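A.B. asks: Shown below is the structure under consideration.
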Amino acid sequence: MSAFYQTQSGHNTGISGANDGGFNFYITFNGWIVINIFSSVSIITGRVVNINSTIKVHVRSQFKRNIDTLTKYTSQNLISLQKCLKSVRNPLLFNHPLVHQNRKMPFAFKSQALSSLPASYITADKLRKSDRILCLNEYSNEEQRGKHKFLTHDKNILLTENQLGELITPTDKLLVLGQYRDSRILLLSKNTLIENQNTAIQPDNWLDIRSIAACLDAEQSTIAATAISLNHWHAHHQFCGLCGHSTDIGTEHSRSCQNDACKQTRFPRVDPAVIMSVINDKDEILLGRQASWDENRYSVIAGFLSYGETLEDCVAREVKEETGVIIESCQYLASQPWPFPGSIMLGFTVKAKKQAINTTDDELEKAFWISKDELLKQKMNKQLLLPPSLSISRYLIDLWLEH
17 MSAFYQTQSG
27 HNTGISGAND
37 GGFNFYITFN
47 GWIVINIFSS
57 VSIITGRVVN
67 INSTIKVHVR
77 SQFKRNIDTL
87 TKYTSQNLIS
97 LQKCLKSVRN
107 PLLFNHPLVH
117 QNRKMPFAFK
127 SQALSSLPAS
137 YITADKLRKS
147 DRILCLNEYS
157 NEEQRGKHKF
167 LTHDKNILLT
177 ENQLGELITP
187 TDKLLVLGQY
197 RDSRILLLSK
207 NTLIENQNTA
217 IQPDNWLDIR
227 SIAACLDAEQ
237 STIAATAISL
247 NHWHAHHQFC
257 GLCGHSTDIG
267 TEHSRSCQND
277 ACKQTRFPRV
287 DPAVIMSVIN
297 DKDEILLGRQ
307 ASWDENRYSV
317 IAGFLSYGET
327 LEDCVAREVK
337 EETGVIIESC
347 QYLASQPWPF
357 PGSIMLGFTV
367 KAKKQAINTT
377 DDELEKAFWI
387 SKDELLKQKM
397 NKQLLLPPSL
407 SISRYLIDLW
417 LEH
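This is how it looks when you write it as structure tokens:
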């Protein structure tokens, strides 16, 4: 929808749709410009001249009411620009925490869901009544390695000691994750799935985190992601990489070498990866699949950041390496923690320059361009399976479809 608005006061006020497959909204208030590029807001500290007092709005029709609200507020000289922005409930006009909140993406970290506590292990005989426990099963056998199952009760993963029954013994060690509301949050990790214990919760309540993530609230999603990543970190850093001596847990979940001649300390790391919706001049999206995926499963292009690279360099390299496509420009959209085991997915939208596809690096089995109509048709006929709704890859595809 394209619409035109004019403020009552005659001040320059507006929102403009962008090109290149994204939205660049701007708002001028008393001669100032604010640019919102998806999830980031920048203020250009310069006066605006020669701006037409008639405002052009290019936005999806369902946001018309929001634009009316924005126009009403900005027509008042004394209203603050901050209040003006907060009045609009269009997620594309917000900074990143509210983007995550509006799209309800699992693993989008809720600010301060976990308050800091000294990192340590405690034995189960030191538990308090107010403690809440996550019971995580991380398979150690090769066939199912990387799968994570939490014990759940009524879509809740924060359990009491009584609910765990015989799954927990007085000598079990639990990792202190942090404080949530009035409870200390602890992690009990099991490397085998015990199905014959006398527990208050039946074994079929062991649910894979990918299955239940979309059902958890923002706080529990945050806690679950933190638990998976920290459990993996501590399990794989039991020994010093320099001298081989054992390590012990320290401040902020660090691991310190117990060799007095070494004493090296390591902190948990996060591995950044880029993920991007690549769009051509026909408004088609680039999809690909790996040979190991389920039949007909496709997604957008993604890859890990290399040393010495900028994010933009990484986007261009990954797209070219995996598909042969050359990009012209890219724009950051949003991010999502991805605790498998400890990544942060940085989402971009990308404009393709040279569209010829060449999957020569053996990373992708197939890649192709597809239009919105054809994608929806194949999805309906189950000829094409999209990523699960909990992932940022699906968010990027849905964003392209909606625009």
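Residue numbers for the sequence shown follow the working numbering, beginning at 17 and rising by one. Even glycine gets a Cβ: it sits at the ideal position worked out from N, Cα and C. Please read all numbers here as calculations on a predicted model, not as lab measurements.
#1: Let's test the definition: count the other Cβ atoms within 10 Å of the Cβ of glutamate 300 and tell me whether it reaches 16, buried, or not, exposed.
#2: Do three or more CB pairs link the region 175 to 191 to the region 134 to 153 at distances below 8 Å?
#3: Under a CB-based cut-off of 7 Å, is threonine 242 close to chain C?
#4: Assuming contact is defined by CB atoms lying nearer than 7 Å, are serine 363 and serine 245 in contact in what I supplied?
#5: Please work out which residues of its chain come closer than 7 Å, Cβ to Cβ, to glycine 62, disregarding the five sequence neighbours upstream and downstream, and give them in chain order.
#6: Quick check on arginine 148: does DSSP put it in helix, strand or coil?
#7: Can glutamine 347 and threonine 365 be called in contact, C-beta distance under 7 Å?
#8: Glutamate 154 bridges to which residues according to DSSP?
#9: Could you spell out where the alpha helix (DSSP H) holding lysine 388 opens and where it closes?
#10: Based on the DSSP output, what are the partners of tyrosine 348 in its beta bridges?
#11: Quick check on tryptophan 385: does DSSP put it in helix, strand or coil?
#12: Return the chain-ordered list of same chain residues with a C-beta closer than 6 Å to the C-beta of glutamate 418, the five sequence neighbours on each side being excluded.
#13: Specify the secondary structure class of valine 104 as computed by DSSP and reduced to three states.
#14: Which runs of the beta strand (DSSP E) at least 3 residues long sit entirely within the region 262 to 304? Give them in chain order.
#15: Let me know if glycine 304 comes out buried or exposed under the rule of 16 or more other beta-carbons within 10 Å of its beta-carbon.
#16: Return the CA-CA distance between glutamate 334 and cysteine 278, expressed in angstroms with no decimal places.
#17: Quick check on serine 245: does DSSP put it in helix, strand or coil?
#18: Quick check: what's the CA-CA separation for serine 351 versus alanine 368?
#19: I'd like to know whether the C-beta atoms of proline 403 and serine 308 end up nearer to each other than 7 Å.
#20: Between tyrosine 196 and leucine 130, what straight-line distance do the alpha-carbon atoms span, to the nearest angstrom?
#21: In whole angstroms, what separates the C-alpha of valine 331 from that of serine 293?
#22: If I'm right that glycine 319 touches isoleucine 373 with Cβ under 8 Å, what's the distance once you round it to whole angstroms?
#23: Is the beta carbon of valine 133 less than 7 Å from the beta carbon of serine 205?
#24: What does a CB cutoff of less than 8 Å around glutamine 264 pick up in its chain, not counting 5 residues either side in sequence?
#25: Of the choices Glu381, Ile173 and Ile413, whose alpha-carbon is the least far from that of serine 227?
#26: Alpha carbons only, please: which of His164, Thr139, Ile138 and Trp416 is nearest the one belonging to lysine 298?
C.D. replies: Taking the structure as given:
#1: By 1-based counting over the sequence shown, the position of residue 300 is 284. Classification of glutamate 300: buried, given that the 10 Å Cβ count is 16 or more.
#2: yes
#3: In the structure shown, chain C cannot be found, because there is only a single protein chain.
#4: Counting from 1 along the sequence shown, the entry for residue 363 is found at position 347. Counting from 1 along the sequence shown, the entry for residue 245 is found at position 229. Position check: residue 363 holds glycine in this sequence, whereas serine was assumed. Against a cut-off of 7 Å, the Cβ pair of serine 245 and glycine 363 comes out as no contact.
#5: Taking the first residue of the sequence shown as 1, we reach residue 62 at position 46. Interpretation of glycine 62 is limited by its pLDDT of 31, a score under 50 that renders its predicted location unreliable; the figure taken from the coordinates is listed afterwards. None.
#6: For the purposes of this step, residue 148 is identified with residue 132 of the sequence shown, where counting begins at 1. Three-state result, arginine 148: strand.
#7: Working through the sequence shown from its first residue, we reach residue 347 at position 331. Working through the sequence shown from its first residue, we reach residue 365 at position 349. In this structure, threonine 365 lies closer than 7 Å to glutamine 347 by Cβ.
#8: Here residue 154 refers to the residue found at position 138 of the sequence shown. Beta-bridge partners of glutamate 154 (DSSP): His164.
#9: Here the question's residue 388 lines up with position 372 in the sequence shown. Segment 388 to 396, the alpha helix (DSSP H) holding lysine 388.
#10: For this step, residue 348 is matched to residue 332 along the sequence shown. Bridge partners of tyrosine 348: Phe364.
#11: Numbered from its first residue, the sequence shown carries residue 385 at position 369. Residue state, collapsed to three classes: strand.
#12: By one-based count along the sequence shown, residue 418 stands at place 402. Closer than 6 Å at the Cβ level, and outside the excluded window around glutamate 418, lies no residue.
#13: Locating residue 104 in the sequence shown gives position 88, counting from the first residue. Confidence is the limiting factor: at valine 104 the pLDDT is only 38, short of 50, which leaves the residue's position unreliable and the question unanswerable from this model.
#14: Those beta strand (DSSP E) runs which fall completely within the region 262 to 304 and span 3+ residues are 263 to 265, 271 to 273 and 287 to 295.
#15: To locate residue 304, count along the sequence shown from 1; it is residue 288. Glycine 304 is buried by the Cβ-count criterion.
#16: Locating residue 334 in the sequence shown gives position 318, where the first residue counts as 1. Locating residue 278 in the sequence shown gives position 262, where the first residue counts as 1. Cα to Cα, glutamate 334 sits roughly 39 Å from cysteine 278.
#17: Reading the sequence shown from its first residue, position 229 is the one you call residue 245. Correct three-state label for serine 245: helix.
#18: In the sequence shown, residue 351 corresponds to position 335, counting from 1. In the sequence shown, residue 368 corresponds to position 352, counting from 1. Straight-line Cα distance between these residues: approximately 21 Å.
#19: Taking the sequence shown and counting its residues from 1, the one referred to as residue 403 is at position 387. Taking the sequence shown and counting its residues from 1, the one referred to as residue 308 is at position 292. Between proline 403 and serine 308, the C-beta gap is not smaller than 7 Å, which leaves the two residues out of contact.
#20: The count along the sequence shown starts at 1 and reaches residue 196 at position 180. The count along the sequence shown starts at 1 and reaches residue 130 at position 114. Taking the CA atoms as reference points, tyrosine 196 sits about 5 Å from leucine 130.
#21: For the purposes of this step, residue 331 is taken as residue 315 along the sequence shown, with counting starting at 1. For the purposes of this step, residue 293 is taken as residue 277 along the sequence shown, with counting starting at 1. Taking the CA atoms as reference points, valine 331 sits about 10 Å from serine 293.
#22: Sequence index remark: in the sequence shown, residue 319 carries index 303 (1-based). Sequence index remark: in the sequence shown, residue 373 carries index 357 (1-based). Contact flag wrong, Cβ pair sits at about 16 Å.
#23: Locating residue 133 in the sequence shown gives position 117, counting from the first residue. Locating residue 205 in the sequence shown gives position 189, counting from the first residue. Here residue 133 is leucine; the residue named in the question, valine, does not match the sequence. Not closer than 7 Å, so no.
#24: Within the sequence shown, numbered from 1, the residue matching residue 264 stands at position 248. Looking at the sequence provided, one finds aspartate at residue 264 rather than glutamine. Same-chain partners within the cutoff: Arg271, Ser272 and Gln274.
#25: Here residue 227 is taken as the residue at index 211 of the sequence shown, counted from 1. Taking only the C-alpha atoms, the option nearest serine 227 is Ile173.
#26: Along the sequence shown, read from residue 1 onward, the residue named residue 298 stands at position 282. Nearest of His164, Thr139, Ile138 and Trp416 to lysine 298, Cα basis: Trp416.
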